[in-house]
Structure formats: C-alpha cells, structure tokens
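Asker: Here's a structure for you.
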Amino acid sequence: MHHCFLLPSHHNPLHLQPYYALTSTPSPRNMSGKSLLVVLTSCDKLINDRGATGWYLPELAHPYYVFKKAGLNLTFASPKGGEAPLDPASVKAFSEDKECQEFLKDEEAQKLVKNTHKLSEFKEKDFDAIFYVGGHGPTIDLRVDPVSINLVESFYAAGKPTSAVCHAPGAILSQAKDRKTGEALVKGKRYTTFTDSEEKAAGGVGTIPELGEETLTKLGGILERTDDWGVKVVVDGNLITGQNPASAGPIAEKLVEILGA
C-alpha cells in the first residue's frame, strides 16, 4: 500500500504503540481445534506506476500474536500461493514497533508468509473462520479474485466469522453477494474500512482502483467509523471489520472472543 498511509516512511506516521502495550494481557483461551484461514494479497504493485505494495505489516503482525496466544490453528493463503509480498513502506513506518520487528525475525511466521498456500486449495468447510489482512494489494487482486469472492460468500452464508481489516473490507465486500438475497453482501450491514478521508490524507487516491468507503456506501453498506487513525471494530452478525492499522490487534481480539464464545 502506498499504503495504509503514505506519510514519511522513516517513522511511525500514526505514533501507534504496539498493540500489546495498549491492552491488559488476556488469559489464554482454549482454542485447540479452532482453525483460521488468513488471507494475504499476491499483488506487489500499485496501479498507475505508483510503486510497490503488498500486505501491510502491523495488520498481520499484531493479529498473528493474538491468534497464536489463543491457540488458533493458522493457515496462510494468497491468490498465487508462495511468498506474499510485504509492503516495504510498512516495514519502514513500523521500524520501531516491537511486535512488527519481532514478526520479521520470527522464523515460524516468516515461513508462513513466504510459503502461502493457494486460495484455490481450500473450501469454507475446512475452517472455522476467515481473516483478510489489509494493504493496498487486496484492493487490486483480492477485490476481483473469483476464488476469494466465493470464499467470502461461503463463509458468510455458513454463519462463520468473516473478518477483514483496513483496506481489506473494502476489497472483499466490493463484489461479494449475500446468497440469501442475491444482493450485495454489505447492503444493510454495518461495517468499517479504511476511510476515504484516511485515504486522501495518506495520498493513496489514484494508487488503487476504487475507494472502499465510497464503493461500499453505494452498495448500501452502513459505515461506522471513528476519527482518522483511531481504533474501530464493527461486528454485524458474523461480519467483523476493522478500520485501519490501529484496529488490527483489536479486531483479532474480537475474532478470538467470538470463536471462543
């Protein structure tokens, strides 16, 4: 993503503390047997020759350690399989974030992101929930990927937690249908995504095919948001969405809570 923000990359533009520093440590939940499909982009280039992109570091690093602590069985997948491209700007922006840096040095985590399965290997029945990592990349490939669209529709129709953070809600809900009504899945649903005001502030307009908030609003989605760069997680039935990078840890906690209920 140029990127979940396009601010100077030599520091953390949002002044985010690592997610673990913002919360009390939850007691471990027994999640043995619960399986989560974590979906990453395969896209490494923005449109209009605007530079490199991929998945956004804190939007995987922060949830990853929440999921691991809860004992979830994690499977990483992407449209093309293999190494999922990491947005280099996110590495620079979060160079002082302890969890992000730990993730980059974590051999187990790196093996997962560098050897993702192909999305086409899996069906909804194989997992208890699905989680889409953001970045500008998903708005380019996952938004129109038929396998991904089918998975989103299938998980939602099955009543399983269908979750996404930052740019990913705008991407995965852009084309997905509610199989009960045949209408846009997001129609009449409360959701959040990386907002158009955040996109404009970050300089991301023109680097991706469409703006998530604008698109989902036209489809009848009901946006719930907080201030730019603040924490916001929205749950509407089994649709779980987070607004931005700051919301990545909190959406993971909410997903764990729902899976453990």
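So the sequence shown is numbered by UniProt numbering: it starts at 1 and just counts up by one.
Virtual Cβ for every residue (Gly too), placed ideally from N, Cα, C.
From residue 268 to T207, what does the alpha carbon distance come to, in whole angstroms?
Answerer: As displayed, the chain neither begins before 1 nor continues past 261, which places residue 268 out of reach and without an answer.
Asker: Assuming residue 271 and A61 make a contact with CB atoms under 8 angstroms, what is their CB distance in whole Å?
Answerer: Any answer about residue 271 is impossible in this case: the structure gives the chain only from 1 up to 261.
Asker: Pairs of beta-carbons, one from the region 105 to 122 and one from the region 178 to 198, closer than 8 angstroms: are there three or more?
Answerer: Segments in contact, no.
Asker: Could you round the C-beta distance between E213 and T241 to whole angstroms and report it? I think they count as a contact, below 8 angstroms.
Answerer: Between T241 and E213 the Cβ distance is about 11 angstroms, and since that is not below 8 angstroms, they are no contact.
Asker: Cα separation between T226 and P245?
Answerer: Roughly 13 angstroms between the two C-alpha positions.
Asker: Tell me which residues share the same chain as R143 and place their Cβ nearer than 6 angstroms to its Cβ, disregarding the 5 neighbours each side in the sequence.
Answerer: Taken in chain order, the residues that qualify are A171 and S174.
Asker: Do you know how far the Cα of S42 is from the Cα of G81?
Answerer: So the two alpha carbons sit approximately 7 angstroms from each other.
Asker: Can you name the start and end residues of the beta strand (DSSP E) that Y132 belongs to?
Answerer: Unbroken beta strand (DSSP E) run through Y132: A129 to Y132.
Asker: Tell me whether R179 sits in a helix, a strand or coil according to DSSP, three-state version.
Answerer: Residue state, collapsed to three classes: coil.
Asker: Which residues bound the alpha helix (DSSP H) around T162?
Answerer: Here T162 belongs to no alpha helix (DSSP H); instead the beta strand (DSSP E) covers T162 to V165.
Asker: Taking the beta carbon of G54 as the centre, do at least 16 other beta carbons fall within 10 Å, making it buried, or is it exposed?
Answerer: G54 should be labelled buried.
Asker: Below 7 angstroms CB to CB, which residues in the same chain sit around T215 once its five sequence neighbours on both sides are set aside?
Answerer: Closer than 7 angstroms at the Cβ level, and outside the excluded window around T215, lie G170 and S174.
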